[in-house]
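Notes to accompany the following structure.
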Amino acid sequence: MGSVRERCARVFEVCDEDNKGYLNREDFEVAVVMLFGYKPSEVELDSIMSSVRSENSGILFEKFLNLMCAKKCAQLYSDETREIFTAFDVQDRGFLTFEDFKKTFNSVLPKLSERIIIEAFR
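See the structure below:
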């Protein structure tokens with residue numbers, strides 16, 4: 001699949017149809033859909049586009065890479081956190097009790113002291 005940075009670079013190339021060297025608002029919107037699978041809100045688009053210096057007509061390559069790589073890393077971290085939570089939430093309740101937490105830790109690290117588990121749960 002390649003790195004996140006490589007994927008973002010490929011998406012920039014595809015979305016910069018006229019090889020302008022930047023993405024205008026519409027190009028950027030398509031890039032977000034390609035990378036994240038959702039259409040960005042007007043507020044998100046306004047926020048990103050207002051962060052671009054006024055002399056530019058859009059988002060330059062480096063700025064795009066930095067923004068999208070940070071966003072993608074945050075998404076991956078969030079997905080990983082959700083996976084871990086799901087593993088702990090064996091009852092599929094949407095929340096964890098101390099017993100759920102303790103049971104999971106005991107199955108993975110049986111010799112871990114309960115004091116450490118209590119501290120981690122807080």
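One point on numbering: in UniProt numbering, the residue at position 105 of the sequence shown is 105, and numbering is uninterrupted. Virtual Cβ for every residue (Gly too), placed ideally from N, Cα, C.
For residue i, count neighbouring Cβ atoms within 10 angstroms of its own Cβ and tell me buried if that reaches 16, exposed if not.
{"i": "I59", "result": "buried"}
{"i": "I48", "result": "buried"}
{"i": "C8", "result": "buried"}
{"i": "C73", "result": "exposed"}
{"i": "L109", "result": "exposed"}
{"i": "D16", "result": "buried"}
{"i": "M1", "result": "In this prediction, M1 scores a pLDDT of 46, lower than 50, which makes its location untrustworthy; the coordinate-derived value is nonetheless stated afterwards. So M1 counts as exposed."}
{"i": "V90", "result": "exposed"}
{"i": "L112", "result": "exposed"}
{"i": "F64", "result": "buried"}
{"i": "L76", "result": "exposed"}
{"i": "F121", "result": "exposed"}
{"i": "F12", "result": "buried"}
Per the DSSP calculation, residue i is bridged to which residue(s)?
{"i": "Y22", "result": "L60"}
Select from the options the residue whose C-alpha is nearest the C-alpha of residue i.
{"i": "R5", "options": "D27, F101, G21 and E62", "result": "E62"}
{"i": "S107", "options": "T97, F88 and R93", "result": "F88"}
{"i": "E42", "options": "F28, K103 and L23", "result": "F28"}
{"i": "V30", "options": "D79, V14 and A70", "result": "V14"}
{"i": "F36", "options": "A70, L23 and I84", "result": "A70"}
{"i": "T104", "options": "E119, K20, F85 and F64", "result": "F85"}
{"i": "S57", "options": "M34, K20 and D79", "result": "K20"}
{"i": "K102", "options": "D92, R115, R93 and L23", "result": "R115"}
{"i": "S50", "options": "N66, R25, E99 and F95", "result": "R25"}
Practice prompt. Please go through the UniProt domain "EF-hand" (76–111) and give each complete alpha helix (DSSP H) segment of 4 or more residues, from N-terminal end onward.
Written response: Secondary structure remark: continuous alpha helix (DSSP H) runs of at least 4 residues inside the UniProt domain "EF-hand" (76–111), in chain order: 98–108.
Worksheet item: Taking only runs of the alpha helix (DSSP H) that begin and end inside the segment 22–52, which ones reach a length of at least 4 residues, in chain order?
Response: Segments of the alpha helix (DSSP H) lying fully in the segment 22–52: 25–36 and 42–50.
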